[in-house]
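Remarks on the structure that follows.
So this is what it looks like as structure tokens:
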């Protein structure tokens, strides 16, 4: 299969590429580096990526920014980061990409544990993750040509604990390599409309 991995050079994205590359052709995509560059906050950039790459069998997104901060610090401007990136960015990969994904292909988006298990300072990211999950469930019954869509909801990653440990007290992190297997399940499996939790 020919697969675009958006966010391929991040911690999770690298693990996904490692998991999929032995069996598939991977096209890495990122904001500043990769086989193709893309800014998921720009529909024009997303369309340009698809035009450059052409038809694919699967699209995996391990990208999406969000502001982390307490409710009293959260402004509409801060919240807009998650709305434009983690939420609209991922959804636009589907809305624009559905015409470039082959029949019986798939999309796999990323949500996260905090939409179900809230943390202090994670409101904006949790909001976006929950909205992405709702989109996945609803889009699954309408995507054309047998195209599937799922999302992966990983726990905080072991490799990211240096940065995120203060936000996740008492959480048991998971290795990125284990989270990556859920993306393989989505890409190579047959299910649609699912949320694969890696907790």
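Residue numbers (the working numbering): 1 to 199.
Quick reminder that beta carbons are idealized off the backbone N, C-alpha and C, glycines included.
The structure presented is a predicted model; accordingly, all values stated were derived computationally and were not measured.
Excluding the 5 residues flanking it on each side, residue 176 has same chain C-beta neighbours closer than 6 Å at 11, 12, 15, 157 and 159, in chain order. When C-alpha distances from residue 122 are compared across 55, 69, 18 and 32, the shortest belongs to 69. In the displayed model, residue 166 falls within a helix according to three-state DSSP.
Straight across, the Cα-Cα distance linking residue 181 with residue 79 is about 30 Å. Within the same chain, Cβ atoms closer than 7 Å to the Cβ of residue 71 are found at 123, the five residues on either side in sequence being excluded.
Collapsing the DSSP output to three states places residue 118 in coil. For residue 135, the uninterrupted alpha helix (DSSP H) segment begins and ends at 123-139. By the 16-neighbour rule on beta-carbons within 10 angstroms, residue 82 is buried. Boundaries for residue 198: no alpha helix (DSSP H) harbours it, while the beta strand (DSSP E) harbouring it runs 195-198, taken from the DSSP string. For the 8 Å CB-CB criterion, residue 194 and residue 155 do not form a contact. When only Cα atoms are considered, residue 169 and residue 145 end up about 44 Å apart.
Taking a 10 Å sphere around the C-beta of residue 23, we find fewer than 16 other C-beta atoms and assign the residue as exposed.
The stretch 68-119 is shown to contain whole alpha helix (DSSP H) runs of 4 or more residues at 76-82 and 88-97, in chain order.
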